[in-house]
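Engineer: Start counting the sequence shown at 6; every next residue gets the next number (the working numbering). Note that the Cβ used here is the ideal one computed from N, Cα and C, for glycine as well. In this text the structure is predicted, and so the values were computed from the model without any measurement.
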Amino acid sequence: MAKCASVLSLCGVALSLSQPIRCHFCQQTPCLTRCAEYNDTLNQLATEYVKLVLAIGHHDPLYVDAYYGPAQWRAQVEAQDLSLDTLVEHSADLVSRLEQARHGLLCQSLRDRHHFLSKQLASVAVYLKRSMGQSLSFDAESRALYDTRAPEHSLTDFNEALARLDNLLPGEGTLAKRFDAYRQQFIVPADRVPQVFTAAVEQARLLTRCHLALPEGEQFRVEFVKDKIWTAYNWYQGDYTSLIQLNQDHPLHLERALELASHEGYPGHHVFNLLQERELVKGLGWWEYAIYPLYSPISFLSEGSANFGLSLLMSKEERIDFEHQVLMPMAGIAGDLRHYHEVIEAYKALANLDTLVCRQLIDGEITRKEAARLLVDYALYTPEKAAQRVRFYLANRSYVLNYHHGEESVGEYVTRKARDSAQAWKAFAALLARPRAASEIIR
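1) In chain order, what are the residue ranges of uninterrupted beta strand (DSSP E) at least 3 long that sit wholly in the segment 280 to 368?
2) Can you pull the DSSP bridge partners for Ala-237?
3) Using the three-state DSSP reduction, which class does Asp-1 fall into: helix, strand or coil?
4) Go ahead and pull the three-state DSSP assignment for Leu-257.
5) Taking the C-alpha atoms as reference points, what is the distance between Ala-266 and Pro-272?
6) By DSSP, does Gln-428 sit in helix, in strand, or in coil?
7) Mapping DSSP to helix, strand and coil, what is Arg-5?
8) Starting from the C-beta of Leu-57, find all residues in its chain whose C-beta is less than 7 Å away, skip the five residues before and the five after it, and write them out in chain order.
9) On the premise that Ala-438 lies in contact with Leu-318, defined as a C-beta separation below 8 Å, what is that separation, rounded to the nearest angstrom?
10) May I ask you to report which of helix, strand or coil DSSP gives Gln-393?
11) Taking Asn-164 as the reference, give the member of Leu-251, Ala-354, Ala-84 and Ser-426 with the closest Cα.
12) Helix, strand or coil: which one does DSSP assign to Ile-371?
13) In angstroms with no decimal places, state the Cα-to-Cα distance between Ser-310 and Asp-86.
14) Distance cutoff 8 Å, beta carbons only. Does Trp-292 sit that close to anything in chain D?
15) State the DSSP-derived secondary structure class of Leu-15, mapped to helix, strand or coil.
16) DSSP three-state label for Gly-178, please.
17) Taking the alpha carbon of Ser-142 as the reference point, which residue from Glu-322, Gln-189, Arg-402 and Val-419 has its own alpha carbon closest?
18) With DSSP as the reference, label Ile-61 as helix, strand or coil.
19) Quick check on Gln-33: does DSSP put it in helix, strand or coil?
20) Among residues of its own chain, excluding the 5 on either side of Asp-455, which ones have a beta-carbon nearer than 7 Å to its beta-carbon?
21) With DSSP as the reference, label Thr-38 as helix, strand or coil.
22) Helix, strand or coil: how does DSSP classify Ile-447 here?
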């Protein structure tokens with residue numbers, strides 16, 4: 006072996022090994038900004054952050070949306086069973102030490118990492134205080150938890166969209182009843198939902214893979230459930246695997262198949278999580294990305310990008326063609342699909358009503374009953390769907406702004422970064438693989 010080594014040294018290998026190594030973080034050769042040292046410091050703080058979030062999840066099971074870090078960390082946290090008071094003290098100390106770690110940090114990659122951790126940790130501290138009884142308005146909460154405030158609207162802002170729907174759906178009775186009756190013809194029969202949804206998922210996955218290199222073996226399974234306050238949910242399991250649950254409390258309308266397939270799957274939540282697992286957790290060892298506290302800034306990008314994804318996958322014409330050629334025959338549905346999409350497009354102009362009604366409910370301006378009535382009269386919900394949505398508001402509060410406000414903001418961000426479809430996908434993928442907070446996305 007020694008002789009072999011000396012021969013290799015004559016070939017110049019020893020010389021190459023003695024040359025300065027290029028820094029993985031700052032890309033300098035050699036590193037002049039002590040990146041490895043600062044990264045180690047952030048690793049320690051990130052570990053404490055993960056355990057803090059797990060500890061909150063021990064008190065509030067809904068808080069941790071996903072975790073695929075070391076199992077022993079969860080076991081350790083559960084064994085400690087720390088009180089909320091102790092967790093408040095811990096979070097304050099961690100915030101202070103994270104701020105101290107910022108000084109002297111020159112590498113942009115690590116500065117971005119520090120910024121993400123700071124935003125997430127600040128929201129954790131606020132959520133803890135709210136869990137202990139601190140009262141927050143809708144806007145104060147959204148700024149503290151999601152790093153943004155939703156635009157304000159009044160009911161009159163939606164008159165134009167309602168008038169357009171009224172013209173598209175002439176007839177007797179209230180607009181809400183006409184809208185519901187019209188949509189009945191586009192309901193996917195319950196026994197065909199699995200087949201239709203699977204076809205939508207396969208198409209979304211196929212189109213996503215045309216633009217993004219997904220890990221080998223990535224997959225998700227679908228489970229049908231009932232008695233939930235949401236329509237669908239992605240539970241990311243780690244190792245590029247998700248469980249997607251579809252709530253069967255309400256019927257599935259045709260257009261929702263692709264919307265849910267793209268939102269929960271491709272290029273939505275499933276892709277959002279697996280890109281971070283591949284690039285940041287497995288690629289860099291940054292464990293803070295292996296845990297997802299639901300009520301935190303990352304949800305703004307998660308929900309916004311998931312809503313926006315379908316517009317990247319398909320143009321309006323491509324979507325109509327796929328639904329007409331594939332999903333409608335599969336579902337046994339007949340109808341004027343183009344007119345239906347015109348109606349749905351007009352209906353989506355009412356999306357900001359979601360935030361308006363939730364804001365008024367959380368701020369005590371209206372009662373639960375009044376909130377449900379507004380959803381029926383203005384958002385054209387059925388009474389049953391309105392009741393479900395009000396339960397969602399009360400459980401998740403200002404979280405609702407992440408959907409439409411997030412979608413609009415992500416769309417504007419990607420548009421600013423891109424001149425064509427290829428650049429749009431590049432900007433979108435970069436955003437998913439290295440998440441940014443709302444204040445970094447919104448201009």
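Structural biologist: So, from the data block:
1) 296 to 298
2) Leu-251
3) What is shown of the chain runs 6 to 448, which leaves residue 1 out entirely.
4) strand
5) 9 Å
6) helix
7) With the chain covering only 6 through 448, there is no way to say anything about residue 5.
8) Leu-92, His-95, Ser-96, Leu-99 and Val-129
9) Between Ala-438 and Leu-318 the Cβ distance is about 18 Å, and since that is not below 8 Å, they are no contact.
10) helix
11) Ala-354
12) coil
13) 35 Å
14) Among the protein chains of the structure shown there is no chain D, as only one such chain exists.
15) Confidence in Leu-15 is poor, its pLDDT being 35 and thus under 50, which makes the residue's placement too unreliable to answer from.
16) coil
17) Arg-402
18) helix
19) coil
20) The question about residue 455 has no answer, for the chain in this structure spans 6 to 448.
21) coil
22) coil
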